[in-house]
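Below is one structure; the comments refer to it alone.
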Amino acid sequence: LKQNAVTSLDLSGNGIGADGAKAFAEALKVNATLTQLNVDWNDIGGYGAKVFAEALKVNGTLTQLNVDWNVIGNDGAKAFAEALKVNGTLTQLN
10 LKQNAVTSLD LSGNGIGADG AKAFAEALKV NATLTQLNVD WNDIGGYGAK
60 VFAEALKVNG TLTQLNVDWN VIGNDGAKAF AEALKVNGTL TQLN
């Protein structure tokens, strides 16, 4: 996801798991074009939620993130809550 023209990416139901979540979260930290990311039904779990939340703290372009049906648990939800304290661009989190 390095500087490219992709603005929307739908990875729903691809089984990326926690390792895939980590890879995409790292890319989000430097990506400046993606505004929508859908990773629902990917079994990212709490760890995946945490790494996406960390990416949201520095990403300034993502406006929509869908993590539905990933069983992120309390820790994942807390991580997103902390990220939303500093992220000024995200308008939709599912």
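Terminal number for the sequence shown in this note's numbering: 103, no gaps in between. Positions of the beta carbon are idealized from the N, C-alpha and C atoms, including for glycine.
Take Asn-68 and list the residues in its own chain whose beta-carbon comes closer than 6 Å to its own, dropping the five residues that flank it on each side. In its chain, beyond the 5 residues on either side, Leu-37 have a beta carbon closer than 6 Å to the beta carbon of Asn-68.
Using 10 angstroms around the beta-carbon of Val-76, count the other beta-carbons present and answer buried if the total reaches 16, otherwise exposed. Under the 10 Å beta carbon count, Val-76 is surrounded by 16 or more other beta carbons and is classified as buried.
So the alpha helix (DSSP H) Asn-83 belongs to, where does it begin and stop? 82-93
Uninterrupted beta strand (DSSP E) stretches inside the region 36-60 (no shorter than 3 residues): 45-47
Residues bridged to Asp-19 by DSSP? Residue pairing by DSSP places Asp-19 opposite Asn-47 in a beta bridge.
Exposed or buried, what is Val-80 when buried is set at 16 or more other beta-carbons lying within 10 Å of its beta-carbon? exposed
Proximity winner among Phe-89, Asn-83, Val-60, Lys-66, relative to Ala-34 (alpha-carbon distances): Val-60
Go through its chain and collect everything with a Cβ distance to Thr-100's Cβ below 8 Å, but skip five positions before and after it. Thr-72, Gln-73
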